[in-house]
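**Q**
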Amino acid sequence: FSPTFTANVAIAMVWAWIFEPTFGLLRVVMRPLGLPVIDWIHSTSHSLPAVIIVLVWSGIGYDMVLFLAALKNIPVEIFDAALVDGASPMQTFWRISFPLVSPTTFFLTITGFINVLKSFDIVRIMTEGGPLNSSNVFVHFLYQNAFQWFRTGFASALALVLFVFIMIITLLQNRLSKHWVHY
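With the numbering used here, the residue at position 63 of the sequence shown is 99, and numbering never jumps.
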């Protein structure tokens, strides 16, 4: 657990530096291009998109490795048969590749959804849920109630709601997977 958490802290700190409007890397790139310098971290309209960019960036490598592994497991003979049958590249993707990687897509959908719901560390390091709670996520709100405002009963209830919500979404996705996951 510790290496994962440490990595997210490092990612959040580096991206907070990149987004910093006075001395950040993004300012250095945008200024010579004549683009306006945006205060990503301290703006109510830009802080949540900044957090989303970091979350997508930090998780996309793991997802791509799994998708590449899933694509590598599709036998080449299937693609050869599609080519012989005259299938276009789009038909090959939608009728062969996509259905055969649907278990991976299903797994990454569930884990991605759960990871978004538990995106505490990046939010805490980059914006602390602000400004004006514009980038506050559910788990950070739960943390604030438990450890900043000491409303432990309410925080426990929030944790239970989060558990039930994740369970319902997972069961719903599991039920829907029977229609779109092909082994």
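Ideal placement from N, C-alpha and C gives every residue a C-beta, glycine not left out. These figures come from a predicted structure and were not determined experimentally.
Which class does residue 37 belong to by DSSP, given the choice of helix, strand or coil?
**A** Its pLDDT being 36, under 50, residue 37 is placed unreliably by the model, and nothing is read from it.
**Q** Between the beta-carbon of residue 48 and the beta-carbon of residue 126, is there less than 7 Å?
**A** no
**Q** Per DSSP, what kind of secondary structure is residue 99 in: helix, strand or coil?
**A** For residue 99, the three-state secondary structure derived from DSSP is helix.
**Q** How many whole angstroms separate the CB atoms of residue 110 and residue 133, which I take to be in contact at a CB cut-off of 8 Å?
**A** The C-beta distance from residue 110 to residue 133 rounds to 7 Å, short enough to meet the 8 Å contact threshold.
**Q** Please report the Cβ distance between residue 174 and residue 207, rounded to the nearest whole angstrom; I am assuming they are in contact, meaning their Cβ atoms lie under 8 Å.
**A** By a beta-carbon distance limit of 8 Å, residue 174 does not contact residue 207. Their separation comes to about 19 Å.
**Q** So, using beta-carbon positions, are residue 102 and residue 140 closer together than 7 Å?
**A** Yes. Within cutoff.
**Q** Do residue 55 and residue 86 come within 7 Å of each other at the CB atom, strictly closer than that value?
**A** Yes, Cβ-Cβ distance for residue 86 and residue 55 is below 7 Å.
**Q** Using only CA atoms, which one of 196, 119, 94, 144 lies nearest to residue 43?
**A** Each of 196, 119, 94, 144 was checked against the Cα of residue 43, and the nearest Cα belongs to 94.
**Q** Here's a check: name, in chain order, each residue in its chain whose Cβ is nearer than 6 Å to the Cβ of residue 38, leaving out the five neighbours to either side.
**A** For residue 38, the pLDDT reaches just 44, beneath the cut-off of 50, and the residue's location in the model is therefore unreliable, leaving the point undetermined.
**Q** Excluding the five sequence neighbours on either side, which residues of its own chain have a C-beta within less than 8 Å of the C-beta of residue 75, listed in chain order?
**A** 57, 82
**Q** Measure the beta-carbon distance from residue 150 to residue 90 and round it to whole angstroms, keeping in mind my assumption that it falls under 8 Å.
**A** Actually they do not touch by this definition, with Cβ atoms about 17 Å apart.
**Q** I need the DSSP call for residue 72, collapsed to helix, strand or coil.
**A** coil
**Q** What is the rounded straight-line gap between the Cα of residue 155 and the Cα of residue 119?
**A** 43 Å
**Q** Is the beta carbon of residue 170 less than 7 Å from the beta carbon of residue 62?
**A** no
**Q** Rounded to a whole number of angstroms, what is the C-alpha to C-alpha distance between residue 202 and residue 209?
**A** 10 Å
**Q** Please report the Cβ distance between residue 182 and residue 188, rounded to the nearest whole angstrom; I am assuming they are in contact, meaning their Cβ atoms lie under 8 Å.
**A** 6 Å
**Q** Buried or exposed: residue 176, going by 16 or more other Cβ atoms within 10 Å of its Cβ?
**A** buried
**Q** How long is the line joining the alpha carbons of residue 124 and residue 112, rounded to whole angstroms?
**A** 16 Å
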